[in-house]
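To convert, take the position in the sequence shown, counting from 1, and add 1; that gives my numbering.
As structure tokens, the structure follows; a few thoughts come after it.
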Amino acid sequence: MRSRLLTVLTFLCIATTTACGGADGSTDSTPDPDGTITVLDVNPQPNGTMDPRTAKNDSGPSQSPLYAVFDRLIGFDEEGTPIPQLATEWSYSDDLTVVTLTLREGVTFHDGTAFDATAVKENLEAAKTLDADVGSTFRAAAAQIASVEATSPTEVAITLTAPDGGFIYALGTQIGMMISPAALGRRGLEMDPVGTGPFVLEEFTPNESTSMVRYDDYWDGVKDRPKRLVMKYVTDETTRLNAVRSGEATVASVTPQQIATAEGAGLEVKINPSGSRWTMYLNTSGALGEPLVRQALMYAIDRKSIAAALGFGTTEPTVQLIPKGQPGHIDGAEDDYAFDPDKARELLEQAGYPDGLTLGFLLLNLSDYTQMFDVVSQQLKDVGITLDVKTMDISQSLPAFQDGSGGDIWMVRWGGRADPLQTLEIVVGPGGTYTPGGVVSEDLADALEAVSGFSVDDPARAEAIEEANRITIESAATVPIIDRPIIYAYKKGCVSGLEPYLASSANDWRDVTVGVGCS
């Protein structure tokens with residue numbers, strides 16, 4: 002009997018190559034409900050906690066496990082536009098100080114607790130009591146909440162401290178990730194989270210791996226979700242790619258340099274645009290407080306050559322933080338800072354540095370950062386700007402940049418946000434995370450403040466963001482270099498639903514499926 006069964010299976014594999022792995026290395030793309038997706042990713046700041054309130058960054062691969070375990074009040078589509086998630090509808094008062102949410106019914110937390118308006122009220126009121134251990138994005142959102150009222154079991158009214166037509170974007174970030182009221186005050190939440198998301202935490206090793214199992218009572222159904230989702234952080238890019246080739250992992254993030262190798266091995270490569278871009282944050286308390294010096298930096302960088310040398314056809318030059326497809330993006334802005342080393346030298350001379358100057362530079366001790374630095378530093382040196390380098394670990398770098406000990410420039414990968422206003426506020430705004438020297442001009446501060454006076458669906462909001470973006474670019478408040486797509490490799494037919502997600506530089510894996518025979 003067993004011999005006859007094997008003969009039949011062998012015949013099926015020969016007759017239909019996609020059923021058991023085709024000649025091109027592909028497998029059956031039919032979703033496997035008993036399968037496991039194992040993701041290998043890299044992140045300079047991986048997740049040390051599964052408590053969304055204490056996770057320090059609001060983008061990057063460390064967000065992906067949080068997206069899987071926690072639903073948010075507001076979701077985002079692939080372009081970063083707000084869509085229903087736990088809240089099905091929302092509206093603003095005329096003065097934009099009260100946001101009213103209509104909540105989804107029939108939702109339960111992983112511990113069986115019902116999700117309702119009281120749960121939302123308790124979550125948001127608890128958010129206001131936290132301080133020292135929370136990230137800057139979470140803290141800023143919590144500070145905007147004056148009060149929360151559960152007006153019915155399925156309706157919540159959030160009163161803000163000031164008008165803000167874009168506050169719903171904040172409810173799609175960590176502060177909008179709802180935690181079971183039974184777990185809110187419990188110690189150890191960072192290791193044992195309780196959300197309403199499509200996956201339940203199985204095992205968590207901080208900064209290393211997160212294993213999750215499908216939540217079969219999920220309000221949106223099981224669909225074709227796999228039984229397990231495992232996410233691991235692996236720094237070495239060769240190790241990640243080899244793990245996919247050997248079948249140890251289902252999918253892995255790869256570098257542009259690895260695309261040819263991955264495709265040569267018969268793997269499928271998916272290049273997803275993201276809001277991430279390489280940029281240089283500037284401490285304007287010193288020489289970079291002079292606009293001419295900042296503009297000299299912009300002209301000194303040959304973005305096209307960097308994109309060609311390091312992007313291998315996957316990236317584009319950019320001078321703005323807002324990606325294509327988001328409100329406020331300015332088409333053609335890159336032409337305003339075409340590579341012009343003579344112009345850079347001229348600006349330095351006008352600024353009082355005819356013989357050039359030296360700037361302190363904070364470098365992360367990661368291989369791709371070193372590659373980018375080698376190119377950028379030479380281009381700056383060619384116009385008379387010498388970089389005094391201080392190499393540091395990611396965990397030490399932000400405090401060093403903020404207190405000035407890290408120097409004048411910190412080159413990092415900005416992760417992107419769904420709301421372009423939030424991007425500008427964090428990177429170049431007054432009191433922003435990356436503006437230790439303060440906002441570069443009152444014009445920029447006023448332009449950013451003006452955006453809050455419009456609701457998300459008001460076309461005037463996009464126009465106001467564009468004006469703030471224009472001032473950011475013209476004043477060289479930050480120095481973007483190239484955009485940074487997210488690149489994944491996997492065996493053909495093994496992964497479906499892995500779509501771009503402009504809300505973050507991390508992908509939302511809740512609807513990604515794994516093919517039969519790929520686990």
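All C-beta atoms in this analysis are idealised placements derived from N, C-alpha and C, irrespective of residue type, glycine included.
By DSSP, does residue i sit in helix, in strand, or in coil?
i: PHE374; result: helix
i: THR262; result: helix
i: THR392; result: strand
i: ARG241; result: helix
i: PRO32; result: strand
i: GLU204; result: strand
i: GLY361; result: strand
i: PHE77; result: strand
i: GLU467; result: helix
i: LEU503; result: coil
i: LEU367; result: coil
i: ASP332; result: coil
i: PRO66; result: helix
i: ASP383; result: helix
i: ARG215; result: strand
i: LEU230; result: strand
i: LEU349; result: helix
i: VAL43; result: coil
i: THR473; result: helix
i: ILE488; result: strand
Do you know offhand how far residue i's Cα is from residue j's?
i: THR155; j: THR103; result: 6 Å
i: CYS519; j: GLN397; result: 39 Å
i: ARG414; j: ARG485; result: 8 Å
i: GLY189; j: GLN145; result: 27 Å
i: ASP404; j: TYR435; result: 11 Å
i: PRO292; j: GLY76; result: 38 Å
i: ARG73; j: MET179; result: 6 Å
i: ASN508; j: ALA401; result: 29 Å
i: TRP510; j: MET192; result: 20 Å
i: VAL235; j: THR160; result: 43 Å
i: GLY314; j: THR387; result: 29 Å
i: LEU449; j: ALA142; result: 16 Å
i: ARG278; j: SER153; result: 43 Å
i: THR130; j: LEU289; result: 37 Å
i: ALA451; j: THR240; result: 48 Å
Count the other CB atoms, across all protein chains shown, that sit within 10 Å of the CB of residue i; report buried if there are 16 or more and exposed otherwise.
i: ASP420; result: buried
i: VAL223; result: exposed
i: SER368; result: exposed
i: ARG105; result: buried
i: THR174; result: buried
i: ILE84; result: exposed
i: GLY430; result: buried
i: LYS382; result: exposed
i: SER406; result: exposed
i: ASP237; result: exposed
i: PRO207; result: exposed
i: ASN366; result: exposed
i: ARG5; result: In this prediction, ARG5 scores a pLDDT of 37, lower than 50, which makes its location untrustworthy; the coordinate-derived value is nonetheless stated afterwards. Exposed is the call here.
i: ALA461; result: exposed
i: GLN379; result: exposed
Quick check: is the beta carbon of residue i nearer than 9 Å to any beta carbon in chain D?
i: ALA478; result: No chain D appears in this structure, which consists of one protein chain only.
So within the region 145 to 195, which uninterrupted beta strand (DSSP E) runs reach at least 3 residues, ignoring any that extend past its ends? Contiguous beta strand (DSSP E) elements confined to the region 145 to 195 occur at 146 to 153, 156 to 161, taking only those with 3 or more residues.
Inspect the CB distances between the region 181 to 201 and the region 105 to 117 and report whether three or more fall short of 8 Å. Taking 8 Å as the limit for Cβ pairs, the verdict is that the region 105 to 117 does touch the region 181 to 201.
Tell me the start and end of each unbroken beta strand (DSSP E) in the region 82 to 133 that is at least 3 residues and wholly inside, in chain order. Complete beta strand (DSSP E) runs here, min 3: 83 to 85, 88 to 93, 99 to 104.
For the region 463 to 482 against the region 247 to 257, do three or more pairs of beta-carbon atoms, one drawn from each stretch, fall closer than 8 Å, so that the two count as touching? No, they do not touch.
Using 8 Å as the threshold, is the region 446 to 460 in touch with the region 166 to 181, meaning 3 or more CB pairs across them? Between the region 446 to 460 and the region 166 to 181 there are three or more inter-stretch CB-CB distances shorter than 8 Å, so the stretches are counted as touching.
Sufficient close CB pairs (3 or more, under 8 Å) joining the region 420 to 433 to the region 323 to 332: Two segments are said to touch when three or more pairs of C-beta atoms, one from each, lie closer than 8 Å; by this definition the region 420 to 433 touches the region 323 to 332.
Curious, which full-length beta strand (DSSP E) runs of at least 3 residues does the region 268 to 299 contain? Counting only runs of 3 or more residues that sit fully inside the region 268 to 299, the beta strand (DSSP E) segments are 268 to 273, 278 to 283, in chain order.
Touch test, the region 343 to 357 against the region 307 to 317, Cβ-Cβ under 8 Å, three pairs minimum: The region 343 to 357 vs the region 307 to 317: no contact.
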